[in-house]
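Student: Numbered by my numbering, the letters in the sequence shown go through residues 3 to 183 in order. Don't be surprised by glycine CBs; every beta carbon is placed ideally from N, CA and C. Quick caveat, the model's predicted, so the values are computed rather than measured.
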Amino acid sequence: MTIVVNAKGASDAGPSMGPARGVIFIHSCPRAISPHVEWALAHVFGKEVAIDWAEQPVAPGTVRAELIWGGPQGTGSRIASAMHPFRQLRHEVTEDPSPGREGERFSSTPTLGLFRATIGVHGDVMVPEDRLRTAVVQAAVTGDPLADEIARLIGTPWDEELEPFRGAHEGSTVRVLHQVV
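1) In whole angstroms, give me the CA-to-CA distance for Q58 and P166.
2) Considering only residues of the same chain and omitting the five flanking positions on each side of V117, which have a CB-CB separation below 6 Å?
3) Please report the distance separating the alpha-carbon of V7 from that of L164.
4) With V129 and P99 assumed to form a contact (beta carbons below 8 Å), what rounded beta-carbon distance in angstroms separates them?
5) Between A1 and V95, is the Cβ-Cβ spacing less than 7 Å?
6) Could you check where the alpha helix (DSSP H) with F47 kicks off and where it finishes?
7) How would you call W71, buried or exposed, if buried means at least 16 neighbouring beta carbons within 10 angstroms?
8) So does I156 have its beta carbon nearer than 6 Å to some heavy atom of the ligand ATP?
9) Among the candidates R135, I121, G63, C31, whose CA atom is the shortest distance from the CA of H86?
10) In angstroms, rounded to a whole number, what distance separates the CA positions of G115 and G78?
11) Could you check the C-alpha separation between H93 and R33 for me, to the nearest Å?
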């Protein structure tokens with residue numbers, strides 16, 4: 003089930019749900035910390051968040067959920083920051099591009115940590131020039147292939163780890179992130 007939440011400052015009138023909107027995919031969460039995740043999200047949204055958790059078949063003993071959110075620009079990063087202390091989570095947070103602003107994608111896994119990318123209006127990962135220059139230098143210094151550095155910059159290791167968990171959401175009504183990126 004998908005639930006819709008609006009952050010403080012968001013309009014409850016109309017489908018846009020505020021100047022920014024996005025999706026939270028919690029791919030796997032140990033059942034014992036699920037109430038703590040709800041409390042962390044309630045702090046971001048300024049109201050109680052009651053998530054309808056489903057079993058995560060890929061990781062027995064964990065649960066999964068997805069939420070569509072709306073709120074002021076920057077809410078996606080506030081959500082990712084609130085969930086960051088829960089290192090056992092596998093999750094993704096998106097903030098869609100909005101007028102005058104590109105979108106963001108945050109992915110987190112227990113083994114890789116947190117990944118952040120800027121998302122363009124067509125759903126592609128945007129890598130700033132300075133990060134590409136650093137990748138070229140890093141590859142030259144370490145001897146690692148440049149392709150590996152670029153894969154890291156666009157989030158390929160996170161995509162590879164999360165893909166089996168994304169499949170559990172296939173029956174859901176929200177299909178955004180992994181089909182675009």
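Tutor: According to the structure data:
1) Q58 and P166: Cα-Cα distance of roughly 11 Å.
2) Note that residue 117 is Phe in the sequence shown here, rather than Val. Excluding sequence positions up to five before and after F117, its CB lies within less than 6 Å of the CB of S109, G157, W160, all in the same chain and listed in chain order.
3) Each residue's alpha carbon lies about 24 Å from the other.
4) The pair is not a contact, with the Cβ atoms about 16 Å apart (cut-off 8 Å).
5) Only positions 3 to 183 of the chain appear in this structure, which leaves residue 1 out of reach.
6) Residues 36-47.
7) Buried, since its Cβ has 16 or more Cβ neighbours within 10 Å.
8) For the structure depicted, the ligand ATP is absent and the ligand set is empty, with no information on it obtainable.
9) That would be C31, whose Cα lies nearest to the Cα of H86.
10) Distance between the alpha carbons of G115 and G78 is about 17 Å.
11) Near 14 Å, if we compare the C-alpha coordinates of R33 and H93.
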